[in-house]
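The sequence shown begins at 1 in the UniProt record's numbering and counts up one residue at a time. Where a beta carbon is used, it is the ideal one built from N, C-alpha and C, also for glycine. Just below is one structure, and these are the notes that go with it.
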Amino acid sequence: MARERLFSPLQLGNVKLNHRIAMAPLTRFRADEDGIPIDIVRDYYTQRASTPGTLIITEATLISPRASGMANVPEIWNSRQIAAWKKITDAIAAGFDGVEIHGANGYLLDQFLQDVCNRRTDNYGGSIENRARFGLEVTRAIITAVSDSKKVTIRLSPWTDFDGKRMGDPVPQFCYMVSELKKLGLAYLHLVESRYAGDVATASYHVLTRRNDPFIKLWGPQTPIILAGGFTAETAEKATEEIYADSNLCCKLLLICTLPGSKVSDNWSFGWRHAFCQIATTCMTSVVPPNQHHTTLERCTSLAKHRSLPALRWSRTP
């Protein structure tokens, strides 16, 4: 089956992609107690960047010692951490191409946006505009810091139910947020689909009732949108070729679980690796003792067998 648009180039800010399949940020808990990525992190990202022109978004990375609620996640606020990340980015290309702000999945910016948890009565709560204020201020500050809006983007999850979230009607709140973000000239907008709650698919793509359509339409076709959550080769094709044919869409296909041997094109095939990647965090924190979180790839494979999970494998045909 031809997938011309899915494999067509896409300009994303200052970077040109060779196709519209991207890798989502996936927390791996592979940093030491000082927040420094361990050696296998370089191999992890190098492997996933083996196809030229692929968008790789790194896992959530802490920007302050006060920002962490979890152990063994990577950080990037001191010189030692920056040097460790430089080894990783130099193994792929010359440094990072941009910054994606994590405004999704119940994290800080999302907590301000969600009326189910934002009970503030000052300028940062009480109204749609006030709840969006903090996220917009952060976005503008980062644009100022890097001196180029085309190197900045943000991830939002309008339909999230992380930690008891899920607004009764998120459309007005997130339509306002998207409309204000659109004015800033970002590289792209990243939206999480509603059918995913954590690592679990909650609905089939074909029967999805809560869609990101209002936000995609509001964003318009001038700047790309990335959708994340549960795409297969078939649904990614349908999204790019049919449902959102008028949008510059990029799908997070590397994030999802496909059937063994499922082909995306003649040059791409996927095994079950992505199923394990989706739950490796749970695996590493529940099966491996805290002092052994620095798991090797071989250990990950043995853990998969221990939990009766498919083995870690991803093949790219010549």
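**Request:** Excluding the 5 residues preceding and the 5 following A104 in the sequence, name in chain order all residues of the same chain whose CB lies nearer than 6 Å to its CB.
**Result:** D110, R155, L156, S157, V192
**Request:** Going by DSSP, name the residue or residues bridged to H102.
**Result:** DSSP, once it has assigned bridges, lists R155 as partnering H102.
**Item:** Where the alpha helix (DSSP H) containing V138 begins and where it ends
**Value:** 128 to 146
**Request:** Going by DSSP, name the residue or residues bridged to E75.
**Result:** Answer is L62, bridged to E75.
**Request:** Starting from V116, follow the beta strand (DSSP E) in both directions and report where the run begins and ends.
**Result:** Note, V116: premise wrong, no beta strand (DSSP E); not H, not E.
**Message:** Helix, strand or coil, according to DSSP, for A84 in the structure here?
**Reply:** helix
**Prompt:** Is P74 near T61, with beta carbons less than 8 Å apart?
**Reply:** Yes, the pair counts as a contact, with Cβ atoms nearer than the cut-off.
**Prompt:** Which value, in whole angstroms, describes the spacing of the CA atoms of A141 and E59?
**Reply:** 21 Å
**Request:** Just grab the DSSP bridge partners of M23 for me.
**Result:** I56
**Message:** I'd like to check one pair, D213 with M167: are the Cβ atoms closer than 8 Å?
**Reply:** The beta carbons of M167 and D213 sit no closer together than 8 Å.
**Message:** Can you give me the C-alpha to C-alpha distance between Q81 and E137, rounded to a whole angstrom?
**Reply:** 26 Å
**Request:** Could you say which of L55, L113, A83 lies nearest to E100 if we only look at CA atoms?
**Result:** L55
**Request:** Look at the alpha carbon of S286 and the alpha carbon of K183, and state the distance between them as a whole number of angstroms.
**Result:** With a pLDDT of 29 at S286, under the threshold of 50, the modelled position of that residue is not reliable, and the figure given next carries that caveat. Straight-line Cα distance between these residues: approximately 43 Å.
**P170, DSSP secondary structure in three states** = coil
**Prompt:** First and last residue of the alpha helix (DSSP H) that includes A236?
**Reply:** Taken as a continuous stretch (DSSP letters only), the alpha helix (DSSP H) holding A236 covers 233 to 238.
**Item:** DSSP bridge partner residues for A228 (one or two, in chain order)
**Value:** DSSP lists V192 as partners of A228.
**Request:** Could you have a look at A187 and say whether DSSP puts it in helix, strand or coil?
**Result:** coil
**Asked** Does the Cβ of I63 have 16 or more other Cβ atoms within 10 Å, making it buried, or fewer, making it exposed?
**Response** exposed
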